[in-house]
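Presented below is the structure to which this report refers.
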Amino acid sequence: MEDLQKLLLKLFDNLDSEIKEIVSEVYAIEKEYIILNKSSYGINEKIRDIVDSHARYQIQKGGPDEN
Amino acid sequence: MKINYIRLNNFKQYYKEQKADISDQEDLNITVFHGANGAGKTSLFIALNWCLYETGSENTGELLNKRAIAEAKKDDLILLRVTVCFKHLKIDYIAERFITYRKLEKEISKDEEGFSLSKCDSNGNTTYLNNPKVVMNSILPENVREYFFFDGEKMEDLTRPDNTKIEDAIQNIMRLPIIDNAEKHINGIAIELRRELKREGSSKLEEIINNEEDIEKKIQEKKKNKEKLIEEIRLGKQQIADLEKTLRENEKSRRLQEKRDGLINQRKELEDLRINLVEHIRSNATSLFTKYFLNISEQALKIAHEKRKKGEIPSGIKEQFINDLLEKDICICGRKISDDKSAKQHIREYLSKTTSNKLEDIVLGIPAVVKILSFHAKDTLQDLEISCKQNALIEEKIDNLSKEIDEIKHELGVSPDIDIAGIQSNLSLFQKKQGLNQNTLGRLEQEIETLVESLSEMIKMREKEEKKQMELLLLSKKEELARRSAEAILKIKDEFYEQTRLQIQKETKQVFSKLAWKQDHFQDIELDQDFHLEIIDKWRRPSREEISAGERQILSLSFIAAMARLSGEEAPIVMDTPFGRLSGNHLKKVASEFPELVPQLILLVTDREWEGTSGTRIGDRVGFQYKLDFNDNTSCTDIVEVDYER
Numbered sequence: 584m585e586d587l588q589k590l591l592l593k594l595f596d597n598l599d600s601e602i603k604e605i606v607s608e609v610y611a612i613e614k615e616y617i618i619l620n621k622s623s624y625g626i627n628e629k630i631r632d633i634v635d636s637h638a639r640y641q642i643q644k645g646g647p648d649e650n
Numbered sequence: 241m242k243i244n245y246i247r248l249n250n251f252k253q254y255y256k257e258q259k260a261d262i263s264d265q266e267d268l269n270i271t272v273f274h275g276a277n278g279a280g281k282t283s284l285f286i287a288l289n290w291c292l293y294e295t296g297s298e299n300t301g302e303l304l305n306k307r308a309i310a311e312a313k314k315d316d317l318i319l320l321r322v323t324v325c326f327k328h329l330k331i332d333y334i335a336e337r338f339i340t341y342r343k344l345e346k347e348i349s350k351d352e353e354g355f356s357l358s359k360c361d362s363n364g365n366t367t368y369l370n371n372p373k374v375v376m377n378s379i380l381p382e383n384v385r386e387y388f389f390f391d392g393e394k395m396e397d398l399t400r401p402d403n404t405k406i407e408d409a410i411q412n413i414m415r416l417p418i419i420d421n422a423e424k425h426i427n428g429i430a431i432e433l434r435r436e437l438k439r440e441g442s443s444k445l446e447e448i449i450n451n452e453e454d455i456e457k458k459i460q461e462k463k464k465n466k467e468k469l470i471e472e473i474r475l476g477k478q479q480i481a482d483l484e485k486t487l488r489e490n491e492k493s494r495r496l497q498e499k500r501d502g503l504i505n506q507r508k509e510l511e512d513l514r515i516n517l518v519e520h521i522r523s524n525a526t527s528l529f530t531k532y533f534l535n536i537s538e539q540a541l542k543i544a545h546e547k548r549k550k551g552e553i554p555s556g557i558k559e560q561f562i563n564d565l566l567e568k569d570i571c572i573c574g575r576k577i578s579d580d581k582s583a584k585q586h587i588r589e590y591l592s593k594t595t596s597n598k599l600e601d602i603v604l605g606i607p608a609v610v611k612i613l614s615f616h617a618k619d620t621l622q623d624l625e626i627s628c629k630q631n632a633l634i635e636e637k638i639d640n641l642s643k644e645i646d647e648i649k650h651e652l653g654v655s656p657d658i659d660i661a662g663i664q665s666n667l668s669l670f671q672k673k674q675g676l677n678q679n680t681l682g683r684l685e686q687e688i689e690t691l692v693e694s695l696s697e698m699i700k701m702r703e704k705e706e707k708k709q710m711e712l713l714l715l716s717k718k719e720e721l722a723r724r725s726a727e728a729i730l731k732i733k734d735e736f737y738e739q740t741r742l743q744i745q746k747e748t749k750q751v752f753s754k755l756a757w758k759q760d761h762f763q764d765i766e767l768d769q770d771f772h773l774e775i776i777d778k779w780r781r782p783s784r785e786e787i788s789a790g791e792r793q794i795l796s797l798s799f800i801a802a803m804a805r806l807s808g809e810e811a812p813i814v815m816d817t818p819f820g821r822l823s824g825n826h827l828k829k830v831a832s833e834f835p836e837l838v839p840q841l842i843l844l845v846t847d848r849e850w851e852g853t854s855g856t857r858i859g860d861r862v863g864f865q866y867k868l869d870f871n872d873n874t875s876c877t878d879i880v881e882v883d884y885e886r
């Protein structure tokens, strides 16, 4: 049976390219906070920065992230 | 993660250094530590947890080996250390936690402590990691640890109906809080961004652009008009210049023409004068005709005078006068006529001798007429003479004028007459129009200047608004991405939760069916939306509350095995006294089946438990077997490897 983390990655892979990177990065940050048992203080700023950088990139390129 | 070995230094009853290799082969995935109660199974279990997570040692007494303390001299340093070597994703790690104590007079004091995690490459080089705790947590999170390293005697707690440990386990092992938090945070950010967008979203850009376009259009129109006007002015200038040139070139002709026209006018006036003069002469000449009848008139006057004298024609007494006397019956002397018949008769005779009234008037008027005629004839004659002289003079002048006109005509030649006045009129019109055009041009330039200023202002406003729009665009994009990400994460979460639920349910059921001996009685295992685990009996009734402690342990093991398989975490299962509550059937089934379900199994069992597994398949998978040999004399335990005979 396939493990569920792989299923999760598949679900991420199926996301629209415009948001795949954002969702993955947000997930990675949340994972880091959970694993390190950190308080969620400051996490919103980090997520905002992720969204901001992708939005700027997409506006500049006139489309979704290439990478 | 698979453990390679564990090494203890002065940890609890393990005096000095004790080391045990842990089997990590797929087919030999079991390492067994067995010993009597109090031999040190739980200490080993604590050592593992303490080393990797600095936990599990609470309320378990001193960690430092008492013999080591006792043997140390004053001021000696005593090392307490647990080392765990493991492999994770094909990388070898060494985790080491230590405390050094200093021996005082009677007591000991903690001198130094630390935790390190190092990575070893294939050449044996070791690299110490900067954040050992962080790395360790990323390899096997602390909150997941308890589902892999667990006390078998407490295992059944997992599936007790009065707690939510199953739900917590699923949440923690499947790392569902990560996705929950991701969804919660990104959704919160999307909401914040939406609010910001709503607050900042009232843009005037469209209106400004429309205004700007209108102004630009007006400027273009006015510039076109200006160009047309400039062209018109240029043409006007050209035309004026041409006309002025024409006028300059035809100045002589103009003057001749003017002179000619003046002469023609003069001649016309003289001709008119002559016509009147001729008429006057003709009239006077007619009146002079009476002059020839003047003598005849005088003779007629003489005859009339004589006839009056004779009484043949009245001597100035008019017929009406006599009639009036007769009618009034009064004589001119005042007497009444009727009284004297002869007088009345005499007067009547006079009346009979009078001529008719008309003739009488003529005759009476003749002398006056003759006198007037005589008088006028003299004047008329004089006037006629003057008029004739004047006429001759005028005729002479006309002749002269005609000659002069002819000369001018000759001089002007055969070329058609140039309409100098017309040209001058046109010139005036052009000059007037040129003036108007210049005024219009000035006005247009002023209007264009004003419009350009407005446009410049509008451009500044637009640039400002565009900057705002760019910020809005960015804000809008951010909101869109955050919203879509939140929606996507929510969708993933729903899908992942559902898949997690279904797969754990399926896997737990499969494992449980292998481990439980009452297979017919327990028909199904259900995991609801809230991850509440339920066991369904053959009557389709929930029976989790009714199952025995051993069955609960089986259920717990089934759930843990399922979770271990599904989580993707390759972690060893370390079980302290796992079979304590299991009866024969269950023990045999678990011993036979469970090792095949997990990647690595470390069993800390009592001798009795271990004996209970004899005859099962567990023996086939044992890689290392250790006896925890407790020495009564030293109160210390040695880890002794036992050759295992399969």
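Those protein sequence lines, which keep their order, are chains W and D.
In terms of my numbering, the first sequence opens at residue 584 and continues consecutively.
In terms of my numbering, the second sequence opens at residue 241 and continues consecutively.
Heads up, the beta-carbon is just placed ideally off N, CA and C, and yes, glycines get one too.
Here the structure is a predicted model, which is why all the values come from computation and not from measurement.
Contact between the region 602 to 619 of chain W and the region 693 to 704 of chain D is absent: fewer than three C-beta pairs spanning the two stretches fall below 8 Å. Residues of chain W whose Cβ lies closer than 8 Å to the Cβ of Ile-418(D) are, in chain order, Tyr-610, Glu-613, Lys-614 and Ile-617. Taken residue by residue, none of the region 444 to 468 of chain D has a beta-carbon sitting less than 7 Å from a beta-carbon on chain W.
The Cβ atoms of Thr-323(D) and Arg-247(D) sit closer than 8 Å to each other. Close partners of Gln-641(W) in chain D (Cβ separation under 8 Å): Lys-717 and Leu-721. When secondary structure is reduced to three states using DSSP, Lys-828(D) falls in the helix class. Taking the CA atoms as reference points, Arg-495(D) sits about 12 Å from Lys-649(D).
For Leu-437(D), the closest of Glu-706(D), Leu-715(D), His-772(D) and Arg-337(D) by C-alpha to C-alpha distance is Leu-715(D). Positions of the alpha helix (DSSP H) runs, each at least 4 residues long and wholly inside the region 747 to 780 of chain D, cannot be given because no such run exists. Look at Met-414(D): its C-beta is under 8 Å from a C-beta on chain W. Lys-259(D) and Met-241(D) have their C-alpha atoms roughly 19 Å apart. Secondary structure of Asp-860(D) (DSSP, three-state): helix. Put simply, the CB of Asn-421(D) is near chain W, with a gap under 8 Å to one of its CB atoms. For Glu-735(D), the chain W residues whose C-beta falls within less than 7 Å of its own C-beta are Leu-594, listed in chain order.
Against chain D, the CB of Lys-644(W) has no partner CB under 8 Å away; the residue lies outside that interface.
The beta-carbon distance between Asp-361(D) and Leu-317(D), rounded to whole angstroms, is 31 Å. This is too long to meet the 8 Å contact definition. For Gly-354(D), there is no enclosing alpha helix (DSSP H); the enclosing beta strand (DSSP E) covers residues 348 to 360. Every candidate beta strand (DSSP E) stretch fails here, since none sits fully inside the region 629 to 700 of chain D while reaching 3 residues.
Taking every protein chain shown into account, the CB of Lys-749(D) has 16 or more other CB atoms within 10 angstroms, so this residue is buried. Taking the C-beta atoms as reference points, Gln-769(D) is found nearer than 8 Å to Arg-741(D). Between Tyr-610(W) and Leu-822(D), the alpha-carbon positions lie close to 41 Å from each other. In the structure shown, Val-838(D) adopts coil according to DSSP, grouped into three states.
Spatial neighbours of Ile-633(W) in its own chain (CB-CB distance under 8 Å, excluding positions within 5 residues in sequence) are listed in chain order as Ile-605, Glu-608, Val-609 and Ile-612. Under the three-pair Cβ rule at 8 Å, the region 409 to 426 of chain D does not count as touching the region 823 to 831 of chain D. A straight-line Cα-Cα distance of about 14 Å links Arg-792(D) and His-772(D).
Annotation: Pro-381(D) to Lys-359(D) spans about 18 Å, alpha carbon to alpha carbon.
In the DSSP annotation of this structure, the continuous segment of the beta strand (DSSP E) that includes Ile-270(D) starts and ends at 270 to 275. When C-beta atoms of the region 487 to 507 of chain D are compared with those of the region 680 to 687 of chain D, fewer than three pairs fall below 8 Å, so the two segments do not count as touching.
Residue pairing for His-328(D): DSSP places it in a beta bridge opposite Ile-331(D). Around the beta carbon of Gly-280(D), a 10 Å sphere encloses 16 or more other beta carbons of the protein chains shown; the residue is thus reported as buried. If you ignore the 5 residues before and after Arg-575(D), its C-beta comes within less than 8 Å of the C-beta of Ala-583, all in its own chain and listed in chain order.
Close partners of His-425(D) in chain W (Cβ separation under 8 Å): Val-609, Glu-613, Ser-623, Ile-626, Asn-627 and Ile-630. If you check each beta-carbon in the region 356 to 379 of chain D against every beta-carbon of chain W, the ones closer than 7 Å belong to Val-374, Asn-377 and Ser-378. Cβ contact annotation for Trp-757(D) (same chain, cutoff 7 Å, sequence separation greater than five): Asn-825, His-826 and Lys-829, in chain order. Just so you know, the alpha carbons of His-545(D) and Ile-572(D) end up roughly 24 Å apart. Assignment of Asn-365(D) by DSSP, reduced to helix, strand and coil, places it in the coil class.
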